[in-house]
Structures are given as C-alpha cells and as structure tokens.
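For reference, the structure discussed in these notes is given below.
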Amino acid sequence: MVQRGSGQRLAVGGVHGGLGIGRTLLSGNGRNAVTPGQGNGAGRLIFIKLDSGWLCQDAVVDSSQRLHRSSSQRAWGRAGFLACLLAGAGLATSPTLVEAAAPTVAPAAAERAAGVPDDATLEAAGAVIGSITIVRNNVFDTSLDEENKAPYRVANRLHVLTRESVIRKQLLFAPGDPYSHRLLEETARLLRAQTYLREAELRPVRYADGAVDIRVETRDVWTLNPGISGGRKGGANSFGIELEENNLFGTGASLALSRRTDSDRNETLLRYANAHLFRPWVGLTAEINQNSDGNGGALGVEKTFHALDTRRAWGLSGGQLSLTQGLYARGDKVSEFRQKNQDFNAWWGWSRGLREGHVSRYSVGLRKLERQFQPSLDPALVGPLPQDRNLVGPWISIESIRDDWALLRNYDQIGITEDELLGRRYLLRVGRSDTGMGADRDAWWLEAEASRGYRLPERSQLRLSSALSGRWEDGDSRDLRLTGSARFYRETGRNRLFFAILDGQYGRNLDLDNPTYLGGDNGLRGYPQRWASGESFARLSVEQRYYTDWFPWRLFRVGGAIFADVGRTWGRNGLGTQNPGILADIGVGLRLSNSRSAFARVIHVDLAIPLDSDPSLKNVEFLIEARREF
4 MVQRGSGQRL
14 AVGGVHGGLG
24 IGRTLLSGNG
34 RNAVTPGQGN
44 GAGRLIFIKL
54 DSGWLCQDAV
64 VDSSQRLHRS
74 SSQRAWGRAG
84 FLACLLAGAG
94 LATSPTLVEA
104 AAPTVAPAAA
114 ERAAGVPDDA
124 TLEAAGAVIG
134 SITIVRNNVF
144 DTSLDEENKA
154 PYRVANRLHV
164 LTRESVIRKQ
174 LLFAPGDPYS
184 HRLLEETARL
194 LRAQTYLREA
204 ELRPVRYADG
214 AVDIRVETRD
224 VWTLNPGISG
234 GRKGGANSFG
244 IELEENNLFG
254 TGASLALSRR
264 TDSDRNETLL
274 RYANAHLFRP
284 WVGLTAEINQ
294 NSDGNGGALG
304 VEKTFHALDT
314 RRAWGLSGGQ
324 LSLTQGLYAR
334 GDKVSEFRQK
344 NQDFNAWWGW
354 SRGLREGHVS
364 RYSVGLRKLE
374 RQFQPSLDPA
384 LVGPLPQDRN
394 LVGPWISIES
404 IRDDWALLRN
414 YDQIGITEDE
424 LLGRRYLLRV
434 GRSDTGMGAD
444 RDAWWLEAEA
454 SRGYRLPERS
464 QLRLSSALSG
474 RWEDGDSRDL
484 RLTGSARFYR
494 ETGRNRLFFA
504 ILDGQYGRNL
514 DLDNPTYLGG
524 DNGLRGYPQR
534 WASGESFARL
544 SVEQRYYTDW
554 FPWRLFRVGG
564 AIFADVGRTW
574 GRNGLGTQNP
584 GILADIGVGL
594 RLSNSRSAFA
604 RVIHVDLAIP
614 LDSDPSLKNV
624 EFLIEARREF
C-alpha cells in the first residue's frame, strides 16, 4: 500500500494489490475475501430523559438539532461523568439488540410463505432453484403514511432505480442449481454490502415439483451527492465540494469529482469505479489527482474473490503519486519532505472453494514499491530525510476463512443491518525483493493478519484482530509493526450498548515516512491531531452508546455516547522530541446516521475535555466528522 502523508494513502497494495489515491478503490481480496463486498466541551453536566433511560450529556440540543458548546470551564463534575460511564457497563439487560435478522425490506415478507418446507427439508429433498423474482424498492416507502408525502415522492421520481440486471449478476445461484440456504444468506450479505442498496432479503416463496421459487427484495438508497461537506477533528478543519453519483444510471458504477481542503493539502479528485464493467465481478477503477503538493493517478482491473466459493481471482494495478509530507510534534509541523511513490502489482489466486465451512485461498504475484524523497523547498522545514527504497520481486500468500457470521443491529451502525464475520480468518503473505529484478536491495518482506470473534454470555461479543508487517534486510528488521486490537460489546438495556476497544502497536526501526501518531484524528478526541508520536503505542477507549427510535424527517437515525479515551506512545519518533506521556480525555457526543444515502456515514458531533495540565491545550475540543462507525 503506497503511503500518503499524514494518514492518507495511495492504495496500490491491499491484500492482493488494490488501487486508489486517497481512499481504497479496489482492495482485492482485502475487500471481498472476508466480507461480501466487508475510533471529543466544557459545560454543565445535564441529564436528558430518553425512552431508553437517562443520558448524561455536556451539551444542549435546540429544536434545530444544532449542538451548542457551553461556556463554563472544564472543571465540571468529572466524577459524575465517570459514574454515568461506569453505570453504563452494568449487568441489567432488557434485550432488544439481538443477534437476529433486522426488520426486512417489507415487514409482511418476514413470515415464510405457506406451503414451503423449512430449509433443512428442502436441502435434504434435493430441491433445486426454480424461478427468481427481483423486487426493487425505491428510496422511500410511499405505502407508509409517514413517507407518502410530496418531498419523498419527488425524491423517488428523481432517483434512478438500480437495474434488475445489476442485482441478478450478483446472485450466487441460478435456476436449476441445488437449493442452499447458505447461498441465500451469503447473497443477501453481498447485496447489503453494495453502497447503493440499504437492505436485501432473499426467501423461498413457492415449492412445487422439486423446485423452489426465490424472491429477492432490495431497497435503494439515494446515490447522488451534489453538495458541500466539512468537518473538524483534532483542532483542524476540513472543507469539500463534491459531485458524486454512486449508482450511475442504475448500473452500480460510481463517478465522482471532488475538491477537498484540509490541514495537509488541497486535493482535486476525479474517480470512476465499476465492479462489473467487463463481466460480473471483473471491474475497473481509475483515479486522477491534482493536489496543491503534487499530482497522481491510478488504474486497476481486477476479478475479486467476491464469494466464499469463488475459485479464481486476479488483479493488475498501478499508480503514482507525488506529495509533500510533514513530520509533527505536539500537533505542529516541524519538518517536511517531498515524496514520490510508484507502485505496481499483478497477482493471480486460486481456491478449492468452501469445504465444510472453511475456505483456503492461495495467491502469487509480482510487486514493485518505490519511494523517492527530496528535501523541502521551504528552508525553515528542512529536516530528516527518509531513505529511498525500491522493492521489486515476487510474493506468495495463503488465506483461510471460517464461515461464521453474525447478523446484528445497533452495534457499529444505527438502525442498519450489520453483517459481521466472527469466524477465524488469517492471512500470510511473504515476498522477496531482488536486485536481479531491478530492486535497490535484497530483502524479505512479510504481511500477516489474524482475526476472530466470540459470542459471550450476557449478550456480549468480543472481536480480536492482529497484524504483523515488516522487512528483513542487511541482517536486521526494518519498519517492523506488530499491532493488536480487542473490541468488546455488551448490550446493557433497551437501545443501549457498552463498548470498549483496546489496541496498540509495537514498532521497531520504522521508516521515517510511515510515522505513528496519536491525537484527535485517531482516538484521543480531547487532543489536537498528531499530538504524540513514537514507534509504539497503546490506547483504550470506552463508550456507553445510546440508540434512539427518533427518525427526524425520515432521514436520520439519532444516537449518542459518553466516552473516555486514554493512550500513550513510546520509542523514537524520528525528530528527537519528548514523549508527552499518558494522555486522557472524557466527553459526550451526538450521532446522526443517514440510512437513506449511499454516503451513509455516521456523523459524529463530539465535545471532549483533555485531562491534562498542559497550558497549550484547549479546555474543550469540538469535533464534527463523518465516520464509518458509531
């Protein structure tokens, strides 16, 4: 993966060599191998009564839903805040957050059709797939009184419905195939993973003469995004103007033109992607970037491991990017350097498919990863310069997946079905850089990943993941990173969830252009972005989450959270600056999820208070950003 400066990436790596500038476009097996398609205000402490109970907040929401900062100092009742937080982790439950199917697209369809045997009976009888009916629903359900209004009807008329052929080409079964409940479930996950669909339900509706007729029902989301966006995190603002369509003429293709400004650069992006351009699951992705600190482009063609039983996959991608990258201490840029990235990756993979609930995949490839560095053009910011590197050579990988999924609701999203892999997964990839193939050094490189989820008593869940990456050259390790994460969920009542995440990294001899930072942009919400740096870090965040039934304007799902973060870094940071030690903050936040849009991010509006005596810190950090999770 080609690293961009300050947390941005030109992704020409992924698991099998994805492609993209600024975001992942095609991430090969990394995108589709596991999933079917696949974190910070002073004020008075007040209590708000919700249907689900009492919510502690440090903010007031007016009738227009704008979150106001309070003017008092941060010396408000921290003890009261912590009491609320700890109370959220209590044992009492009134379960509604269940590991079961979410409400379907059409509630009346939840019952099994009369005369259709259960799945085990159908499979034992050797039933085959008969006819397949596709039912496509528009963004708003005008059969409901709440949505049978002029604005919603106009939106439905303006929206181009996903073509039936686009949905059919993603089905994992065809007429005449043996009936398999597992394939119906996997197809539903695959459809729900598409950005242009909100929900998908598949069920047998008729059984006669050994054939089962299947009904596939989907609901579209709004896919056109002409507008203005902005955010604030870690004390830095961002602003953007976008014209983006995620379901171009109902084909499932995406086309985007955007202009974005943040603390690092001004970026203009033109992007096109179509996962089924040439034939089902053989897609193209292309990007062109023009930035204030350089330009870039990327192009990729790929056939993904899109399903568990996929037997063959391949990919070809390449890209280049020039940029200026800064090095930071206590949130301030202290030096910078110019950087040019060039990447190429070609791979081919094979599998024997799903056998007894288990998948093994094997891949071989050829990769080029080149980094060139030059001093800053600003004399005041000239500093340490990373070493050039050009790694060229073959690689081989093995991936294993255990088919075990949880169907959730109100965990990391609000009011949206969540498909989570709990089965064991591991990936091991080993590559060689060889001077005989044009590399500037002989080296071995390694990438490994492992993850697994556990269903625990008391309506709890634990998800573990780890990763190891690095190089071995000149008798020593370089850019060695061992990371781990533990995510714990516990349902604590109706529409309430306690969440905790503990993660960390051990690093050794890190490349200077791949720094490790902690701050307001990656988990310590009470601090400026890139506040602390080092080779290793540890971080703990705990949240009491609240999910409401409030659905204003039939557009936004509303939630809230109270949280606490603590973390620190260790080791060298390339600049010789002092480590600030343990950092901690507490805060409250509002969550808004637009479940009607293909750009369904969860909007975070947070007020966070740093528990630090550093006079350079603000009493309160105000953050607003769109994230993929609660």
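Converting from the sequence shown to my numbering requires adding 3 to each position, the first position being numbered 1. Note that the Cβ used here is the ideal one computed from N, Cα and C, for glycine as well.
Handout entry: Buried or exposed by the 16-neighbour rule on C-beta atoms within 10 Å, applied to F625
Key = The residue given as residue 625 occupies position 622 in the sequence shown. Flag for F625 reads buried.
Exercise for the section: Would you kindly report the start and end of the unbroken alpha helix (DSSP H) that includes I170? Expected result: Along the sequence shown, one-based indexing puts residue 170 at 167. First-last of the alpha helix (DSSP H) with I170: E167 to R171.
Practice task
Kindly indicate the opening and closing residues of the beta strand (DSSP E) around E628.
Solution key: Counting from one through the sequence shown, the residue named residue 628 turns up at place 625. Note, E628: beta strand (DSSP E), E624 to R630.
Practice task
Would you please state the rounded distance, in angstroms, between the beta carbons of G523 and S544? I believe it to be under 8 Å.
Solution key: The count along the sequence shown starts at 1 and reaches residue 523 at position 520. The count along the sequence shown starts at 1 and reaches residue 544 at position 541. Actually they do not touch by this definition, with Cβ atoms about 13 Å apart.
Exercise for the section: Say whether the segment 217 to 236 touches the segment 197 to 207, bearing in mind that this needs 3 or more beta-carbon pairs closer than 8 Å, one atom from each stretch. Expected result: Contact between the segment 217 to 236 and the segment 197 to 207 is present, because at least three Cβ pairs lie under 8 Å.
Exercise for the section: Answer yes or no: do R528 and D588 have a C-beta to C-beta separation smaller than 7 Å? Expected result: What you label residue 528 is simply residue 525 of the sequence shown in a count that begins at 1. What you label residue 588 is simply residue 585 of the sequence shown in a count that begins at 1. Judged by their CB atoms, R528 and D588 are nearer to each other than the 7 Å cut-off.
Handout entry: Residue ranges of each alpha helix (DSSP H) within the segment 132 to 167, 4 or longer
Key = 153 to 161
Practice task
Alpha carbon to alpha carbon, how far is V157 from F252? Give it in angstroms, no decimals.
Solution key: Residue numbering aside, residue 252 sits at position 249 when the sequence shown is read from its first letter. Residue numbering aside, residue 157 sits at position 154 when the sequence shown is read from its first letter. Whole-angstrom Cα-Cα distance: 17 Å.
Practice task
For my contact list, R235 and I627 are in at a C-beta cut-off of 8 Å; report their separation, rounded to the angstrom.
Solution key: Working through the sequence shown from its first residue, we reach residue 235 at position 232. Working through the sequence shown from its first residue, we reach residue 627 at position 624. That belief holds up - the Cβ atoms of R235 and I627 are roughly 5 Å apart, short of 8 Å.
Practice task
Work out the CA separation of G233 and P618 for me, nearest whole Å.
Solution key: Counted from its first residue, the sequence shown places residue 618 at position 615. Counted from its first residue, the sequence shown places residue 233 at position 230. Spanning the two alpha carbons is a distance of roughly 28 Å.
Practice task
Using only alpha-carbon positions, find the residue among Y275, N269 and L330 that is nearest to E247.
Solution key: What you label residue 247 is simply residue 244 of the sequence shown in a count that begins at 1. The shortest Cα separation from E247 among Y275, N269 and L330 belongs to Y275.
Practice task
Report the three-state DSSP secondary structure of P98 (helix, strand or coil).
Solution key: Here residue 98 is taken as the residue at index 95 of the sequence shown, counted from 1. Note on P98: pLDDT 30, under 50, position unreliable in the model; the coordinate value appears next. Shown here, P98 sits in coil according to DSSP, grouped into three states, outside any helix or strand.
Practice task
Could you check if A62 is buried or exposed, using at least 16 other CB atoms within 10 Å of its CB as the buried criterion?
Solution key: By one-based count along the sequence shown, residue 62 stands at place 59. No answer about A62 holds up, because its pLDDT of 32 lies below 50 and its placement is not dependable.
Handout entry: Three or more C-beta pairs below 8 Å linking the segment 291 to 299 and the segment 323 to 337
Key = yes
Handout entry: The beta strand (DSSP E) enclosing L459, as first and last residue numbers
Key = Sequence index remark: in the sequence shown, residue 459 carries index 456 (1-based). Per DSSP, L459 belongs to the beta strand (DSSP E) from A446 to L459.
Handout entry: Whether S354 touches S400 by CB criterion (7 Å)
Key = What you label residue 354 is simply residue 351 of the sequence shown in a count that begins at 1. What you label residue 400 is simply residue 397 of the sequence shown in a count that begins at 1. No. Outside cutoff.
Exercise for the section: Determine the extent of the alpha helix (DSSP H) in which R324 is found, giving its start and end residues. Expected result: For the purposes of this step, residue 324 is identified with residue 321 of the sequence shown, where counting begins at 1. The sequence shown places Leu at residue 324, not Arg. Segment R315 to A332 is the beta strand (DSSP E) holding L324; no alpha helix (DSSP H) there.
Exercise for the section: Could you tell me whether the segment 564 to 577 touches the segment 588 to 605, where touching means 3 or more Cβ pairs closer than 8 Å? Expected result: Contact between the segment 564 to 577 and the segment 588 to 605 is present, with at least three C-beta pairs closer than 8 Å.
Handout entry: Extent of the continuous beta strand (DSSP E) to which L614 belongs
Key = Taking the first residue of the sequence shown as 1, we reach residue 614 at position 611. Note, L614: premise wrong, no beta strand (DSSP E); not H, not E.
Practice task
Determine the DSSP secondary structure at A256, reduced to helix, strand or coil.
Solution key: Taking the sequence shown and counting its residues from 1, one reaches residue 256 at position 253. In the three-state scheme derived from DSSP, where H, G and I count as helix and E and B as strand, A256 is classed as coil.
Practice task
Determine which residues share a DSSP beta bridge with W408 and list them.
Solution key: Mapped onto the sequence shown, residue 408 falls at position 405. BP columns for W408 point to L424.
Handout entry: Same chain, Cβ closer than 6 Å to Y520, five either side skipped, listed in chain order
Key = Position 517 of the sequence shown, counted from the first residue, corresponds to residue 520. Only R533 and S536 meet the Cβ criterion.
Exercise for the section: Measure the alpha-carbon distance for G574 versus N517 and round it to whole angstroms. Expected result: As a working note, residue 574 is residue 571 in the sequence shown. As a working note, residue 517 is residue 514 in the sequence shown. Looking at the two C-alpha atoms, the distance is approximately 14 Å.
Handout entry: Touching by the beta-carbon criterion (3+ pairs, under 8 Å), the segment 570 to 584 and the segment 601 to 610
Key = no
Problem - Proximal residues to E373 (C-beta, below 6 Å), its chain only, five neighbours per side dropped - result: Indexing the sequence shown from 1 puts residue 373 at position 370. Excluding residues within five positions, the ones whose Cβ falls inside 6 Å are Q345 and N393.
Handout entry: Neighbourhood of L388 by C-beta, 7 Å cutoff - its chain only, sequence neighbours within 5 removed
Key = Numbered from 1 along the sequence shown, position 385 holds the residue referred to as residue 388. Within the same chain, L388 has close Cβ partners F340, F376 and P378.
Exercise for the section: Take S488 and list the residues in its own chain whose beta-carbon comes closer than 6 Å to its own, dropping the five residues that flank it on each side. Expected result: In the sequence shown, the residue the question calls residue 488 occupies position 485. Hits under 6 Å: S468 and D506.
Problem - Three-state class that DSSP yields for W556 in the structure shown - result: For this step, residue 556 is matched to residue 553 along the sequence shown. Helix.
Handout entry: Nearest-angstrom Cβ-Cβ length linking A451 and L431, presumed shorter than 8 Å
Key = Position 448 of the sequence shown holds residue 451. Position 428 of the sequence shown holds residue 431. Indeed, because the Cβ distance is near 5 Å, the residues count as touching under 8 Å.
Handout entry: Within 7 Å, strictly: CB atoms of L513 and E494
Key = Taking the sequence shown and counting its residues from 1, one reaches residue 513 at position 510. Taking the sequence shown and counting its residues from 1, one reaches residue 494 at position 491. Contact: no.
Exercise for the section: Classify E126 as helix, strand or coil using the three-state DSSP reduction. Expected result: On the sequence shown, position 123 is the one that residue 126 refers to. DSSP places E126 within a helical segment (H, G or I) once states are collapsed to three.
Practice task
Could you pull out every unbroken beta strand (DSSP E) segment of at least 3 residues lying fully inside the segment 203 to 236, listed in chain order?
Solution key: 214 to 223 and 227 to 236
Handout entry: Buried/exposed call for Q390, threshold 16 Cβ in 10 Å
Key = Working through the sequence shown from its first residue, we reach residue 390 at position 387. Q390 comes out exposed.
Practice task
Just tell me which of P531, P120, E167 and W225 has its CA closest to the CA of Y155.
Solution key: The residue you call residue 155 lines up with position 152 of the sequence shown. That would be W225, whose Cα lies nearest to the Cα of Y155.
Practice task
Determine the direct distance from the alpha carbon of G456 to that of P98, and round the result to whole angstroms.
Solution key: Numbered from its first residue, the sequence shown carries residue 98 at position 95. Numbered from its first residue, the sequence shown carries residue 456 at position 453. Reliability of the predicted coordinates at P98 is poor, the pLDDT of 30 falling under 50, and no value is obtained from them.
Practice task
Say whether the segment 161 to 179 touches the segment 264 to 271, bearing in mind that this needs 3 or more beta-carbon pairs closer than 8 Å, one atom from each stretch.
Solution key: Contact between the segment 161 to 179 and the segment 264 to 271 is not established, with fewer than three Cβ pairs separated by less than 8 Å.
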